[in-house]
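Just below is one structure, and these are the notes that go with it.
Residue numbers (the working numbering), protein chains in the order written: chain A, 1136 to 1454; chain B, 19 to 292.
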């Protein structure tokens, strides 16, 4: 099995060779541009070759890549300004959910995103972006704020799952997820969700009951993690790659099933190789969707959202 | 030979409690609505049994019985599981819905069946729940749902996850129409069902000892510091934490529902929307 980390190895080796040559050229004042160009072409060919044949499991690994840009990276790269707001007003402030007021392309937005951590300490503080009830209750506060002041809602989804621990259960994680969806459905302002990395089941849909749902090219969106599915289906969590195939958790599948509206392309080699370009693509895609939604009345927005999800489901009617 | 036949005939007269393992005389057990007289364990009921036990005699009319699941992802073993589920539950899907009366009050009622693929929610369950709420709005009727589910149905992938949003949206419309929605959590009410329409009722009841929670017990324990409490993810635990209104023994369920309906009736019964 070729994992992302295996297939990234030769690319990374080429990249360090290129960097070395560049440094050498700069230090010694030598012209190594032909060799550099040759290596860069080689890198490009290799990336194309690898990325032309990604399997669902490779996408799972890409979506979880430790260098993948996270919600706050996108906010920093896409928005002209951002002020983070805090707390659920019920006693907690969940670091797994970031929320605040942003300006983007001349629009005033409420942004709510799930935030992973870059290093171990940060990862633990953010609880690996697994939101607790207070995270969803903070999100709901922001949704209501958006409704009151007629601000557009943008949610950035990137979570393996909602927090499954005893504490979260004690404070009503299920109710918080259900209420978060319900709050989104009641809004009469435009709402857009972008699945940035992991769209992990209930933890993800809680923020994605929106007018438009977009997915980055290498993001995943699934009812159950492939490991959990493999444990049930094959009684073996190591068969997660097969489970990833069966679950149809890629952006391509979600679009084909009519469950998302658009795939946002990532740069060659995936988002982490060029966060700037990726963020720009997300920004452009979101603004385009907001232009479309801007023509709709408050009631029409709520109705479109209802009908969008009302239509989802595949079944037969027997005579 | 004859002796063995007698033993067999007698065996059908006896049943073992799933919890305390005591041997119970079946006619007594049935009269007690399948609640163990020794330990109080509430045994699971078929969806149809549940409804017939709850509503006025001869008032139940099934709706949307013509909906059938498909295998939209071509998921391994799904077609086979659907066949087995149908023969185990005696139903075509994991939920049974319809119109009925409870103490003379017209209601929309639904009951999930754990015997059909763990009561899991795929396209058909989502659609039938939505139609139940839409019918409630149309007929100005309360909705009563008995939940029994392991969560969203893995075999329909992301389509199942979307049923959480779809059913939630339908509850939202129903609430806006000012109608009462009562949910009853029976064993088990979990994950994607608990985290969508089930938790959004005006009043939430539960049967004693029912498993009610978000994640599987093992996952929850792994994700936590220290040991979960002994009653973790039971109806009683959720009641203690304010997540449901009342734990109601089976024999009191019908009068409790009737009391609630009567309390809410004046507010919606008079008004008629076009």
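Note that beta-carbon positions come from the ideal geometry of N, C-alpha and C, so glycine has one too.
1. Does residue 205 of chain B come out as helix, strand or coil in the three-state DSSP assignment?
2. Identify, in the order they occur along the chain, each residue of the same chain with its Cβ nearer than 7 angstroms to the Cβ of residue 1362 of chain A, setting aside the five sequence neighbours on each side.
3. Can you tell me whether DSSP reads residue 1358 of chain A as helix, strand or coil?
4. For residue 1371 of chain A, decide whether its Cβ has a neighbour in chain B, counting only Cβ atoms nearer than 9 angstroms.
5. So, with DSSP's three-state summary, where would you put residue 1364 of chain A?
6. Among residues of its own chain, excluding the 5 on either side of residue 1225 of chain A, which ones have a beta-carbon nearer than 8 angstroms to its beta-carbon?
7. Given that a residue counts as buried once 16 or more other Cβ atoms are within 10 Å of its Cβ, and exposed if not, what is residue 259 of chain B?
8. Going along the chain, which residues of the stretch 253–264 of chain B sit with their C-beta nearer than 7 angstroms to a C-beta in chain A?
9. Starting from residue 1444 of chain A and walking both ways along the alpha helix (DSSP H), at which residues does that stretch end?
10. From the beta carbon of residue 184 of chain B, is the nearest beta carbon of chain A less than 9 angstroms away?
11. Determine which residues of the stretch 1377–1398 of chain A have a Cβ less than 8 angstroms from any Cβ of chain B, and write them out in chain order.
12. Compare the beta carbon distance of residue 1346 of chain A and residue 1424 of chain A with 9 angstroms and say whether it is the shorter of the two.
13. Which value, in whole angstroms, describes the spacing of the CA atoms of residue 1220 of chain A and residue 1287 of chain A?
14. What are the residues that DSSP puts in a beta bridge with residue 32 of chain B?
15. Between A:1160, A:1409, A:1392 and A:1323, which has its C-alpha nearest residue 1432 of chain A's C-alpha?
16. Would you mind stating whether residue 103 of chain B and residue 139 of chain B have Cβ atoms separated by less than 9 angstroms?
17. For residue 1366 of chain A, I'd like the list of residues in its chain whose CB is within less than 7 angstroms of its CB, leaving aside the five on either flank, ordered along the chain.
18. By Cβ distance below 7 angstroms, which residues in the same chain neighbour residue 263 of chain B in space, the five residues on each side in sequence not counted?
19. Where do the ends of the beta strand (DSSP E) carrying residue 124 of chain B lie?
20. Around the C-beta of residue 110 of chain B, are 16 or more other C-beta atoms found within 10 angstroms, so that it is buried, or is it exposed?
21. Considering only residues of the same chain and omitting the five flanking positions on each side of residue 137 of chain B, which have a CB-CB separation below 7 angstroms?
22. On the DSSP bridge list, what partners appear for residue 1347 of chain A?
23. Between residue 101 of chain B and residue 183 of chain B, what straight-line distance do the alpha-carbon atoms span, to the nearest angstrom?
24. Which chain B residues are close to residue 1304 of chain A, counting only those with a beta carbon under 7 angstroms from its beta carbon?
25. Is it true that the CB of residue 1265 of chain A sits closer than 9 angstroms to the CB of residue 1297 of chain A?
26. Please confirm whether residue 1445 of chain A has its beta-carbon closer than 9 angstroms to some beta-carbon of chain B.
27. Taking C-beta pairs closer than 8 angstroms, name the residues in chain B that residue 1175 of chain A reaches, listed in chain order.
28. How is residue 1250 of chain A classed by DSSP in three states: helix, strand or coil?
29. Taking only beta-carbon atoms, is residue 1317 of chain A less than 9 angstroms away from chain B?
30. Is the Cβ of residue 47 of chain B closer than 9 angstroms to any Cβ of chain A?
31. Going by beta carbon distance, what residues of the same chain come within less than 8 angstroms of residue 125 of chain B, once the five residues before and after it are set aside?
32. Just to make sure I have the definition right: I need the residues of chain A whose C-beta is within less than 9 angstroms of the C-beta of residue 81 of chain B. Which are they?
33. Compute the beta-carbon to beta-carbon distance between residue 1355 of chain A and residue 1291 of chain A, rounded to the nearest angstrom, for a pair I have assumed lies under 8 angstroms.
34. Does the beta carbon of residue 217 of chain B sit closer than 9 angstroms to a beta carbon anywhere in chain A?
35. Of all Cβ atoms in chain B, is any one closer than 9 angstroms to the Cβ of residue 1298 of chain A?
36. Note down, in chain order, all residues in the stretch 1240–1274 of chain A with a beta-carbon under 9 angstroms from any beta-carbon belonging to chain B.
From the atom records:
1. Under the three-state reduction of DSSP output, residue 205 of chain B falls in the strand class.
2. Cβ within range, chain order: 1372 and 1375.
3. Coil.
4. No, no contact with chain B.
5. DSSP places residue 1364 of chain A in helix when its eight states are reduced to three.
6. Same-chain partners within the cutoff: 1269 and 1272.
7. Taking every protein chain shown into account, the CB of residue 259 of chain B has fewer than 16 other CB atoms within 10 angstroms, so this residue is exposed.
8. Answer in chain order: 259 and 261.
9. Unbroken alpha helix (DSSP H) run through residue 1444 of chain A: 1433–1445.
10. It does: the Cβ of residue 184 of chain B has a partner Cβ on chain A nearer than 9 angstroms.
11. Residues passing the 8 angstroms Cβ filter: 1381, 1382, 1383, 1384, 1388, 1389, 1392 and 1394.
12. With contacts defined as CB atoms closer than 9 angstroms, residue 1346 of chain A and residue 1424 of chain A qualify as a contacting pair.
13. Linking residue 1220 of chain A to residue 1287 of chain A through their CA atoms gives a straight-line distance of about 16 angstroms.
14. According to DSSP, residue 32 of chain B bridges with B:43.
15. Answer by Cα proximity: A:1323.
16. For the pair residue 103 of chain B and residue 139 of chain B, the CB atoms are not nearer than the 9 angstroms cut-off.
17. Cβ-Cβ distances below 7 angstroms link residue 1366 of chain A to 1372 in the same chain, with the five nearest sequence neighbours on each side left out; the list follows chain order.
18. For residue 263 of chain B, where only same-chain residues beyond five positions count, the Cβ hits under 7 angstroms are 221, 222 and 223.
19. It spans 123–130 - the beta strand (DSSP E) in which residue 124 of chain B sits, taken as one unbroken run.
20. Under this definition residue 110 of chain B is a buried residue.
21. Around residue 137 of chain B: 112, 130, 131, 166, 167 and 168.
22. Answer is A:1327.
23. Approximately 27 angstroms between the Cα atoms of the pair.
24. Think of a sphere of 7 angstroms around the beta carbon of residue 1304 of chain A: the chain B residues whose beta carbon falls inside it are 231, 232, 238 and 251, in chain order.
25. Yes, these two residues count as a Cβ contact at 9 angstroms.
26. True, the Cβ-Cβ gap to chain B drops below 9 angstroms.
27. For residue 1175 of chain A, there are no C-beta contacts with chain B under 8 angstroms, since the nearest C-beta of that chain is about 38 angstroms from it.
28. Coil, per DSSP.
29. Taking Cβ atoms only, chain B reaches closer than 9 angstroms to residue 1317 of chain A, which makes this a yes.
30. No, no contact with chain A.
31. Counting only Cβ-Cβ distances below 8 angstroms, and skipping sequence neighbours, we find 73, 117, 118, 119, 159, 160, 161, 162 and 279.
32. Within chain A, no residue comes near residue 81 of chain B; the closest Cβ sits about 13 angstroms away, beyond 9 angstroms.
33. In fact, because the Cβ distance is near 15 angstroms, the residues do not count as touching under 8 angstroms.
34. It does: the Cβ of residue 217 of chain B has a partner Cβ on chain A nearer than 9 angstroms.
35. Interface residue, yes.
36. Those residues of the stretch 1240–1274 of chain A that come within reach of chain B (Cβ to Cβ, closer than 9 angstroms) are 1265.
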